[in-house]
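What follows is a single structure, written as structure tokens, with notes after it.
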Amino acid sequence: MSTPAQAEIPGGPFNIATIGQGLVFAQSLPDLAAILKGAGPQRTNGGAAHESLSAVVQAPPGTGKTTLVPPLAANALGATAAHRVLVTAPRRVAVRSAARRLASLDGTALGGKVGYTVRGESHSSAETIIEFLTPGILLRRLLHDPGLEGVAAVILDEVHERGLDTDLLLGLLGEVRQLRSDLTLIAMSATLDAARFAELLAADDAGSPAPVVDCPSALFPLEIRWAPSAQPRMDQRGITRSFLDHVADTAATAHAAALSVDPSIDALVFAPGAWEVSYIANRLRSARQHAAEPNSAGPHDSAEPSIDVLELHGQVSAREQDRAVSAREPGGLPRIIVSTSLAESSLTVPGVRLVVDSGLSREPRRDAARGMTGLVTVSTSRASADQRAGRAARLGPGTVVRCYEQKTFAAAPAHPMPEIAVAELSAAALLLACWGAPGGVGLRLPTAPPAPALAAAVEILGELGALDATGHATDLGRTLADIPADPRLARALLDGAPVVGAKMAAEIVALVSGDGRAPGADLSALLSGMRSGRDPGSHRWSQAVRRLEQLLRKDTRNGATDKAASPAAGPSAGAHPRKVSAAEGVGFVVGLAFPDRVARLVENAAGQQYLLSSGTRAGLPAGSSLTGHEWLAVAEVSRAQGRDAAGTGAIIRSAAPLDQQHAETVAAHMLQDSVVATFSNGKVSGRRERRLGAIVLLSTPAKATPAQGREAVASAVAKEGLGLLAWSGAADQLRRRLALLHRELGAPWPDVSDAALLQRLPDWLGPELESVAAGKALSSLSLSDPLRRLLPWPEASRLAELAPETLAVPSGSNIRIEYPEVSDDGPPVAAVKLQECFGLAETPRLVNGRVRVLFHLLSPARRPLAVTDDLSSFWSGPYSQVRAEMRGRYPRHPWPADPWSAPATAKVKKRM
């Protein structure tokens, strides 16, 4: 796509020449400057104003776009501290790193002209002109300031990653631009999909796409090596440890070889998740320690230099993250940085010239059937694999070692799934409702939210009292949207504070919504680690707790907790118990947030199986300190296989103990007391059951009513299928005739397929179901009369005409018509002795002439001689050959040369 003619680089608060020295994107700055020049500052009434413009920057990772585009936009748009430039990056570490780098190149202190804001941490001031922040922070600002007053431009970085928050920002900012004629929007992508975003950034549906600024690749020569493991990467339990050992050993060997050539080379190893990162890092450390021991045997020479193994993922502290993405200190040890996809595209790690890629990623997936959402391990997309590989060749010639086969790369998906297509959407749906666009209606989103996931999210929000009947946010919904947590956790914060205390409620919500990993799935153990400061994420957790406490105090002043406790507000409203103990508090608050995940231990089951109130079963990790607890409040459950899943296909990732009293309190809306009837072994039996969702609390014998008995029989038939009924020949024939009429004529002739009949059981089999419930045997039912209840009137009077049971042939016989199976679209068949059809020239038709009868013309021994639905053609042609072959074999039967005029007969010649 063409761009305006090149323009001079505008001056302003940032020295672009100094900042861009040595950065590849500097050569593309004139093109972008020419676009932004059209929005150049015009002074009106003493203030700066400019025409709303948009642009897409397409540049490979490492070219410097994140460093150069914000200051260029600030200069071109006349940005000031009162009219600043906002830059979003998808991860906290990327936000901090980008801000620090730009401030360093600008020669100013962080928090001055360049600042950043992430959850729980802000380094910006009244002097800040460029502010880096996460998409989630900007979304919440938009809800409070829909016009983004005081913002000259918004730059969305890494839009190609298709994060949910970034996709939502694209839609919301499109509406803001319609209200703000002076707001500039720039989207930056590291992959070749800029055209799609250019269409989205058009001024309106009929507008021209936004201009695209390209940049040549910054990559040096890159060598690709393939080093697949002899063992499988995955088995039914997940990633195999043998594969992780292979990745670690491959990284150690490749890095040692690289250091022998150039001691300045650092390595970057990609693993799918935090646990795998720690496992690989620990193996690398152990290998180095073993190699350094005297007389040790192994692949590493003790004379090799020591290395520094660093971890980079969301669960390590901000300090450790920043250390991993910073340059090696002068005289520092060679480094191996083991990272999740966090280092894939939004960060350039200095010194990295070697990448070792596991080829695995974690992506969110929603299991609608089980009501579970979580991260699953998948093969890395080709686009992501290329992003990872590119990390090795940004600073000089590099090497990527892929720990999988080349054919695996070729079979991988081209791009990762957009998060909006696979994630749980309750938080997104609430934000859209608060914005005034329920479900995203009217917004130009890159991908529309899937209808089933959106409907599930709206149902959850309705139960929380966050949405009104029109789908817009209630006052309580707006309060929940202000809390930086899942809406269910936000509601639990408000409901739980009066019971467990504001501080403890804040601690638990911060714990569950954070990145911490519960040891053995025990949230209480994780809470203990956070409180003591032993956990690496304790500082960030403490900040989140203080922030939530502040929100609680504000909401208490505004009466939000009163709204939360109103009887109509949601599932956990109303029946708060007495104050609960500290030991019970974690499970109580988690149960308030996720009442559908309250779980009870399944007796006599293999392993530690728990049944959730939603009906899902899940296993508990072996050795968990939660083992043996009868009740749990589950915060996270995900799909899994292997021993820990205990044969359920799911595993509990984080939970806390609960007792039955508190389980019934937090999930009070799921309590049911009813008589349940079942039909088994030909008998209906009833039991009075007290249930908490799918969990049976109490069951005693009880007498079922006739209606309950009928429903029990109907449920059994629906479950087992119509094969449970005894179909007589007459009933089966009638059903087949009706099926043909429905196929050819449609309504009002009834659909008699299995699915349709099961759906309408009460309509046609109701009285018979009641008789079975009263003791009559299913096998004794006559189904012909029940089927006739489905006949439409007055059309039913033509049944025998449209689909007769028999067909009269010239011999005088009435031949039974065999209609096709209900699920078969074949023709009706008449099997008849050939001699009985002499003189029948036209093939009979049924259903108002729509359907020909297929004739099976038989020998005297009742064996097929011909199959045809065109008798005229048969008599004129193939009959002569049949006659020649059969007249000698069956001499007692007539085989006339002229079948047209010969008398039709079922008899032998001497009896004619």
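Here the sequence shown is numbered in this note's numbering, starting from 721 and rising by one per residue.
Don't be surprised by glycine CBs; every beta carbon is placed ideally from N, CA and C.
Residue i (DSSP reduced to helix, strand or coil)
i: M1137; result: coil
i: S1684; result: Outside the shown range of the chain, which is 721 to 1632, sits residue 1684, and nothing can be said about it.
i: T1398; result: strand
i: Q1392; result: strand
i: W1261; result: helix
i: T1167; result: coil
i: P1377; result: strand
i: R1198; result: helix
i: T738; result: helix
i: D1618; result: coil
i: A830; result: It is Leu, not Ala, that sits at residue 830 in the sequence shown. Note: L830 maps to strand in three-state DSSP.
i: Y1124; result: coil
i: A746; result: helix
i: Y1610; result: coil
i: R1570; result: coil
Cβ-based neighbour list, residue i, same chain, cut-off 6 Å, excluding 5 preceding and 5 following
i: L1418; result: R1410
i: A1640; result: Outside the shown range of the chain (721 to 1632) lies residue 1640, about which nothing can therefore be said.
i: S1374; result: A1238, A1241, L1243, A1355 and E1356
i: R1509; result: W1484
i: I1537; result: L1527, P1548 and A1550
i: K1423; result: G1406
i: T786; result: A818 and D877
The alpha helix (DSSP H) enclosing residue i, as first and last residue numbers
i: I985; result: Neither: I985 is in no alpha helix (DSSP H) and is coded neither H nor E.
i: R1408; result: Segment K1403 to L1412 is the beta strand (DSSP E) holding R1408; no alpha helix (DSSP H) there.
i: G1429; result: P1426 to E1440
i: T1368; result: It is not in any alpha helix (DSSP H) - T1368 carries neither H nor E in the DSSP assignment.
i: L1460; result: G1449 to L1465
i: P791; result: K785 to A796
i: L903; result: Run containing L903: none; DSSP gives neither H nor E here.
i: A1113; result: From DSSP, A1113 is part of no alpha helix (DSSP H); its letter is neither H nor E.
Residue interval of the beta strand (DSSP E) (run including residue i)
i: P1421; result: I1415 to A1422
i: Y1539; result: That residue, Y1539, is in no beta strand (DSSP E); it is neither H nor E in DSSP.
i: Y1599; result: Segment P1598 to M1606 is the alpha helix (DSSP H) holding Y1599; no beta strand (DSSP E) there.
i: F1575; result: L1574 to L1578
i: R816; result: Note, R816: premise wrong, no beta strand (DSSP E); alpha helix (DSSP H) at R812 to D826.
i: K1553; result: V1549 to K1553
i: L1489; result: Where L1489 is concerned, there is no enclosing beta strand (DSSP E), although the alpha helix (DSSP H) it sits in stretches over L1481 to A1493.
i: A754; result: Careful: A754 lies outside any beta strand (DSSP E), inside the alpha helix (DSSP H) at L749 to K757.
i: V967; result: Counting along the chain, V967 falls outside any beta strand (DSSP E), though it belongs to the alpha helix (DSSP H) covering R961 to V981.
i: P1584; result: P1584 to T1588
i: A1516; result: First-last for A1516: undefined, no H or E at that position.
Cutoff 8 Å; reference residue i; Cβ partners in own chain excluding five residues on either side
i: S1473; result: A1459, V1542 and S1543
i: E943; result: P1117, G1118, T1119 and V1120
i: G993; result: H1033, T1060, R1082, L1095 and T1097
i: L788; result: I736, I739, G740, L743, F745, A746 and L749
i: K1629; result: R1612, H1613 and P1614
Other residues of its chain near residue i: CB distance less than 7 Å, five sequence neighbours each side excluded
i: T970; result: A947, V1076, V1121 and C1123
i: S1499; result: A1446
i: T911; result: H880 and A1103
i: I1415; result: R1320, L1331 and S1333
i: Y836; result: V815, R816, A819, H843, S844, E851, F852 and L853
i: A794; result: G732, P733, F734, V805, I849 and I850
i: P1291; result: The predicted position of P1291 is uncertain, since its pLDDT is 45 and thus under 50; a value taken from the coordinates is nonetheless stated next. Closer than 7 Å at Cβ, skipping near neighbours: E1183, P1315 and H1389.
Proximity test, Cβ basis, 9 Å: residue i and chain B
i: L1454; result: Among the protein chains of the structure shown there is no chain B, as only one such chain exists.
Note down, one range per segment and in chain order, each alpha helix (DSSP H) of at least 4 residues found wholly within the region 1018-1075. 1038-1045
Where are the beta strand (DSSP E) runs, 3 residues long or more, that stay fully inside the region 1285-1363, in chain order? Within the region 1285-1363, the complete beta strand (DSSP E) runs of at least 3 residues are 1318-1321, 1329-1332, 1337-1339 and 1351-1359.
Can you list, in chain order, the stretches of the alpha helix (DSSP H) that have 4 or more residues and sit fully within the region 846-889? 855-864
Counting only runs of 3+ residues fully inside the region 910-951, write out the beta strand (DSSP E) ranges in chain order. 932-934 and 942-946
Below 8 Å, how does it come out for the region 802-810 and the region 851-866: are there three or more Cβ pairs, yes or no? Contact between the region 802-810 and the region 851-866 is present, because at least three Cβ pairs lie under 8 Å.
If you pair each beta-carbon of the region 1438-1457 with each one of the region 1342-1356, do three or more pairs fall below 8 Å? no
Would you call the region 1515-1526 and the region 1573-1588 in contact, with 3 or more CB pairs under 8 Å? no
Can you check the region 1168-1243 for any alpha helix (DSSP H) of at least 4 residues that lies completely inside it and give the ranges in chain order? 1171-1184, 1195-1202, 1207-1220 and 1222-1233
Report yes or no: do the region 1164-1179 and the region 1130-1147 share at least 3 C-beta pairs separated by less than 8 Å? yes
So, do the region 1192-1211 and the region 1149-1156 have three or more beta carbon pairs nearer to each other than 8 Å? yes
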